[in-house]
Amino acid sequence: MSFLDNLALGFSVALSLQNLAYCLLGTVLGTAIGVLPGLGPVATISMLMPLTFGLDPTTALILLAGIYYGAQYGGSTTAILVNLPGETSSVVTAIDGYQMARQGRAREALVVAALGSFFAGTVGTLAIAGFAPALSELALGFGAPEYFSLMVLGLIAAVVLAHGSVLKAVAMVVLGLVLGLVGTDVNSGVLRFTFGISDLFDGLDFVAVAMGLFGIAEVISNLERKDEARAAVTLGGKGSFLLSREDFRAAWPAVVRGTGLGAILGILPGGGAILGSFASYMLEKRIARDPSRFGKGAIEGVAGPESANNAGAQTSFIPMLTLGLPSNAVMAMMIGALIIHNIQPGPQVMNANPSLFWGLIASMWIGNLLLVILNLPLVGVWVQMLRIPYRVLYPAILVLCAIGVYSVSNSTALVYVMAAFGVLGYVLAKLQCEPAPLLLGFVLGPLMEENLRRALTISGGDASVFFTQPVSLALLLLAAGLLVVMAMPRASRLRDAAFEEET
Amino acid sequence: MVANVRDVLAGLFFVAVGVAVFLLSRGYGIGTPAHLGPGVFPMLLSGLLVALGIAIALVAVRDKVAAAVGLSWRPLLLVTAAVGVFGFGLDTLGLFASVALMVLVSRAARSGQSVMESLVMALVLGAAASFLFYYLLGLPVPLWPAFAA
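Chains A and S are the protein sequences, given in the same order.
The C-terminal residue of the first sequence carries number 503 in full-length UniProt numbering, and the numbering is unbroken.
The C-terminal residue of the second sequence carries number 149 in full-length UniProt numbering, and the numbering is unbroken.
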């Protein structure tokens, strides 16, 4: 099928009344929750995941994807309006966006963020449609050894490119891999790490683990801090959502550059939306004629990173959809959703479920369009939601998490699993170990073991198969290379510098 | 004295988990190289965990940046208790009372909150959850305590 046929199929799926409705629901829910303080996209998706169980898989993914970029967008809105980045990828947006808001240019900042994101979303969607088939064609030739090595590379690249200590992140991945093995071993029927608890025989529930690590642990951490008095939120400016000619002229090149950077960096494991927005901010600052304007309300400082994070959010779907590899915690949630719906993530998804694959891609573009149409008029509502104090919010978050996790399989056992992972997540956060790598490992644990075993069975027990197959060897060498480079002080300094704007 | 207590503890944590995983996986069976038993992959991982834990701790011992760990026990215990109360009460007390209790316990996680506000929130959230999940979404749980029905 040609490129256009694929897109036509996708749009025919995405434009069905049901899918359109869920796309709308997802973007609105995502934005609403993204605006609320202390709830990131991973917690949001895990909280709303049980809603998708009754849906067919395509609709479920459309809803989840809508929540993802809705949350992304909501995070930027709060970053601009009250200097509270809802999540890491909008941290840099807050730098100049909030300054613009203080100068009474909140509307301009929001418009630039919205239009930049839409442009980036369109390009990102086209990039997926263009590259995904080729990549998945390539991956279809992979055998078990290649897959195992690919997962090793994916996990290592994900932790190397994320921020924080690499050693700890790798340890968290391994911990996640172990936790992924809890339950009955498929090959032998042996029960592993279940301690005789029958609720664990089917393994730890993915939703309970994610909700505990990202929802409950987050609440505990937030309660340590005082409820900060929020700055008064005002939109200021004229009543219209139109950019002046000068603003437009300053912003559009930044949008184009940010889109390019974000799209490329988003494909990399671990990059996702975050890396792109940091890189774009640095680039804009470097090439600006007057870099001193940055930090004081430069419109390029909003346009570039916002486009980059949205482009990255789109293209980070590429490794997930074509290789079954999650490049960040949100994609791990998507893979979890696929598995819950009995779809084995990997290159075969595109051929086995073309309507799911292309429908999801088309719905991403529609979702981005909906965001632009909805959010500018609705910004007044979001401002109201921002005024909800955390002391009122967190009990409601806990209630939603508890009922949500119960409804996964109507069992209180999952409520306890979630509570346990809340404690674990909080303690690990205190030890400055990030939960995202753990979730990646958790999703990939069973798949890695399966491919390791299969590779060894095919080779007759010869472990050298991983090094004699050229593709597998190349992947492993790349992984080793990444680790070595990061161990060198110079490279790690460079990596830290890339994240320095965050603080 | 070690300055970076936090990372040393993190390292020790991973070592401890690694050792526990190793001890547990010994009983799962090793199989043959061509047909790996269920114990092999966890054992490999346990070795990695121990090695990484030691590395983290060693780096931290030489680290000059001070970092301590202080847990905030009140939110930790009360938020966990709130979730526990919900799980424990759901089948016997019903949805409304479990949600209300959960809200009350969780509100105690932070000091100096208005009791009146807590009570109102318990009632409102209890009612909202009952309406949304019991009536609208048909969650198969009892709504009221077993002894009341």
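Idealized CB from N, CA, C, for every residue including glycine.
Note that the structure is predicted; figures quoted are calculated from it, not measured.
Nearest-angstrom Cβ-Cβ length linking residue i and residue j, presumed shorter than 8 Å
{"i": "residue 276 of chain A", "j": "residue 265 of chain A", "result": "4 Å"}
{"i": "residue 428 of chain A", "j": "residue 9 of chain S", "result": "Not quite, the Cβ-Cβ distance comes to about 11 Å (not below 8 Å), so this is no contact."}
{"i": "residue 48 of chain A", "j": "residue 22 of chain A", "result": "Not confirmed; about 11 Å, so no contact."}
{"i": "residue 349 of chain A", "j": "residue 68 of chain A", "result": "The pair is not a contact, with the Cβ atoms about 18 Å apart (cut-off 8 Å)."}
{"i": "residue 95 of chain S", "j": "residue 396 of chain A", "result": "Between residue 396 of chain A and residue 95 of chain S the Cβ distance is about 15 Å, and since that is not below 8 Å, they are no contact."}
{"i": "residue 105 of chain S", "j": "residue 81 of chain S", "result": "5 Å"}
{"i": "residue 280 of chain A", "j": "residue 308 of chain A", "result": "4 Å"}
{"i": "residue 204 of chain A", "j": "residue 179 of chain A", "result": "6 Å"}
{"i": "residue 101 of chain A", "j": "residue 84 of chain A", "result": "Contact flag wrong, Cβ pair sits at about 12 Å."}
{"i": "residue 66 of chain A", "j": "residue 367 of chain A", "result": "5 Å"}
{"i": "residue 391 of chain A", "j": "residue 62 of chain S", "result": "Going by Cβ atoms, the distance from residue 391 of chain A to residue 62 of chain S rounds to 43 Å, so no, they are not a contact pair."}
{"i": "residue 115 of chain A", "j": "residue 372 of chain A", "result": "7 Å"}
{"i": "residue 48 of chain S", "j": "residue 174 of chain A", "result": "5 Å"}
Candidates the options: closest to residue i by CA position
{"i": "residue 170 of chain A", "options": "A/65, A/292, A/210 and A/440", "result": "A/440"}
{"i": "residue 46 of chain A", "options": "A/408, A/447, A/457 and A/438", "result": "A/408"}
{"i": "residue 20 of chain A", "options": "A/71, A/458, A/220 and A/361", "result": "A/361"}
{"i": "residue 24 of chain A", "options": "A/50, A/43, A/3 and A/61", "result": "A/61"}
{"i": "residue 117 of chain A", "options": "A/314, A/132, A/167 and A/326", "result": "A/314"}
{"i": "residue 425 of chain A", "options": "A/357, A/56 and A/215", "result": "A/215"}
{"i": "residue 121 of chain A", "options": "A/260, A/157, A/334 and A/321", "result": "A/260"}
{"i": "residue 416 of chain A", "options": "A/268, A/213, A/369 and A/456", "result": "A/213"}
{"i": "residue 31 of chain S", "options": "A/253, A/188, A/209 and A/322", "result": "A/188"}
{"i": "residue 103 of chain A", "options": "A/467, A/475, A/478 and A/298", "result": "A/298"}
{"i": "residue 369 of chain A", "options": "A/335, A/310, A/462 and A/243", "result": "A/310"}
Below-8 Å beta-carbon distance, residue i vs any chain A residue
{"i": "residue 26 of chain S", "result": "no"}
{"i": "residue 219 of chain S", "result": "Within the shown structure, residues of chain S are numbered from 1 to 149, placing residue 219 of chain S beyond reach of any answer."}
{"i": "residue 92 of chain S", "result": "no"}
{"i": "residue 111 of chain S", "result": "no"}
{"i": "residue 145 of chain S", "result": "no"}
{"i": "residue 131 of chain S", "result": "no"}
{"i": "residue 138 of chain S", "result": "no"}
{"i": "residue 119 of chain S", "result": "no"}
{"i": "residue 116 of chain S", "result": "no"}
{"i": "residue 10 of chain S", "result": "yes"}
{"i": "residue 56 of chain S", "result": "yes"}
{"i": "residue 23 of chain S", "result": "no"}
{"i": "residue 142 of chain S", "result": "no"}
{"i": "residue 34 of chain S", "result": "yes"}
{"i": "residue 123 of chain S", "result": "no"}
{"i": "residue 43 of chain S", "result": "no"}
{"i": "residue 101 of chain S", "result": "no"}
{"i": "residue 2 of chain S", "result": "no"}
{"i": "residue 96 of chain S", "result": "no"}
{"i": "residue 65 of chain S", "result": "no"}
{"i": "residue 19 of chain S", "result": "no"}
{"i": "residue 151 of chain S", "result": "Given a span of 1 to 149 for chain S in the structure shown, any question on residue 151 of chain S remains unanswerable."}
{"i": "residue 82 of chain S", "result": "yes"}
{"i": "residue 79 of chain S", "result": "yes"}
{"i": "residue 50 of chain S", "result": "no"}
Beta carbon proximity, residue i to chain S, threshold 8 Å
{"i": "residue 10 of chain A", "result": "no"}
{"i": "residue 193 of chain A", "result": "yes"}
{"i": "residue 218 of chain A", "result": "no"}
{"i": "residue 190 of chain A", "result": "yes"}
{"i": "residue 224 of chain A", "result": "yes"}
{"i": "residue 29 of chain A", "result": "no"}
{"i": "residue 167 of chain A", "result": "yes"}
{"i": "residue 502 of chain A", "result": "A caution first: residue 502 of chain A carries a pLDDT of 43, below 50, which makes its placement in the model too unreliable to give a value."}
{"i": "residue 5 of chain A", "result": "no"}
Beta-carbon neighbours of residue i, restricted to chain B and to distances below 8 Å
{"i": "residue 185 of chain A", "result": "In the displayed structure, chain B is absent; the protein chains listed are A and S."}
Report the start-end ranges of each alpha helix (DSSP H) in the stretch 135-164 of chain A that is 4 residues or longer and not cut off at the edges. 144-161
Output needed in chain order: residues of the stretch 447-462 of chain A with a Cβ under 7 Å from some Cβ in chain S. 449, 452, 453, 456, 457, 460 and 461
Residues from the stretch 414-432 of chain A in contact with chain S, defined by Cβ distance under 9 Å: 414, 415, 416, 418, 419, 420, 422, 423, 426, 427, 428, 430, 431 and 432
Taking any Cβ of chain S, which residues in the stretch 391-412 of chain A have a Cβ under 8 Å from it, in chain order? 391, 392, 394, 395, 396, 398, 399, 401, 402, 403, 406, 407, 410 and 412
Report the residues of the stretch 170-183 of chain A with a CB closer than 8 Å to any CB of chain S, ordered along the chain. 170, 171, 174, 175, 177, 178 and 181
Enumerated in chain order, which unbroken segments of the alpha helix (DSSP H) with a length of 4 residues or greater are wholly contained in the stretch 184-211 of chain A? 206-210
4-residue-minimum alpha helix (DSSP H) runs that sit fully inside the stretch 84-126 of chain A, ordered along the chain: 91-102
Return the chain-ordered ranges of every alpha helix (DSSP H) run that is complete within the stretch 267-350 of chain A and spans a minimum of 4 residues. 272-287, 300-315, 317-323 and 329-340
Only counting runs of 4 or more residues, tell me where the alpha helix (DSSP H) segments fall wholly within the stretch 397-434 of chain A, in order along the chain. 412-430
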